[in-house]
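Input: a single structure, listed below in structure tokens.
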């Protein structure tokens, strides 16, 4: 009788373990399916192939860095963190690397699903054309304030012929847009800012004079500082 009880207890224990194991497997299968489903948003794209031979550091990638860098990306409201990214400024394509250790080629992110991404501590948004604006594509949201600054990162391509090969060089170029009152207005200089905010004409001129060196040597940084300054002026006026 005692032997029978022992057998029954062992059988109950084994059945219990098997049941728990099946439950755990079901849970793991569920999470695997969810991860696989989410990853399909990220890695379901065309292979990226760089067709330009560049012999120096003047390549077409963001920060002139031909290597991938760690960043975050949001696709259809799903955010992926710690992903290896590369941004081709000439083709305006964002590239992800599926597996840093084994992947030879990157995959081009589907721009119709891309919301925004972060690289080098720079925040990029993917704008869609609307009834109010035809502006679309990838822009750096440089200043996220009531008077916002968007920067379009681009490159100009140069074809170079020599005795041994054909190769290329790329030079960075930037376009600036002020987002204000649901409008996107292109700006190229302080004059455009004065047209937008004539009430601050004197202040903008003084600011430009005081920061003439930055304007000449680093126009992108100058534009950031100027838009931040205009935001400050607006805040002071609104407080009165």
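In mature numbering (1 follows the signal peptide of the UniProt record, and there is no 0), the protein residues as written are -21 to -1, 1 to 219. Cβ coordinates follow ideal geometry from the N, Cα and C atoms, glycine included.
{"Check": "Among 32, 28, 203, nearest to residue 143 - alpha-carbon criterion", "Outcome": "32"}
{"Check": "Where the beta strand (DSSP E) containing residue 58 begins and where it ends", "Outcome": "57 to 67"}
{"Check": "Reduced DSSP secondary structure (H/G/I, E/B, other) of residue 170", "Outcome": "helix"}
{"Check": "Residue 121 and residue 129 closer than 8 Å at C-beta", "Outcome": "yes"}
{"Check": "Own chain partners of residue 154 with C-beta closer than 8 Å, once the 5 adjacent residues on each side are dropped", "Outcome": "130, 131, 133, 165"}
{"Check": "Collapsed DSSP secondary structure at residue 129 in the structure displayed", "Outcome": "strand"}
{"Check": "Exposure label - residue 65; buried when at least 16 CB within 10 Å", "Outcome": "buried"}
{"Check": "Residues near residue 146 in its chain [Cβ-Cβ closer than 7 Å; skip 5 each side]", "Outcome": "32, 33, 34, 139"}
{"Check": "Residue from 176, 189, 188, 198 whose Cα sits closest to the Cα of residue 216", "Outcome": "176"}
{"Check": "Chain-order list of residues whose beta-carbon lies under 6 Å from that of residue 169 (same chain, five-residue window excluded)", "Outcome": "183, 187"}
{"Check": "Residue 52 versus residue 58: straight-line alpha-carbon distance, rounded", "Outcome": "6 Å"}
{"Check": "Cα-Cα separation between residue 167 and residue 23, rounded to whole angstroms", "Outcome": "38 Å"}
{"Check": "Status (buried if at least 16 other CB within 10 Å, exposed otherwise) for residue 218", "Outcome": "exposed"}
{"Check": "Beta-carbon spacing of residue 42, residue 99 below 8 Å", "Outcome": "yes"}
{"Check": "Cβ pair residue 86, residue 74 closer than 8 Å", "Outcome": "yes"}
{"Check": "Residue 201 versus residue 48 - alpha carbon distance", "Outcome": "26 Å"}
{"Check": "First through last residue of the beta strand (DSSP E) which encompasses residue 151", "Outcome": "145 to 159"}
{"Check": "Short Cβ contact (8 Å threshold) for residue 213 with residue 126", "Outcome": "yes"}
{"Check": "Residue 190 versus residue 171: straight-line alpha-carbon distance, rounded", "Outcome": "17 Å"}
{"Check": "Straight-line Cα distance separating residue 179 from residue 56", "Outcome": "39 Å"}
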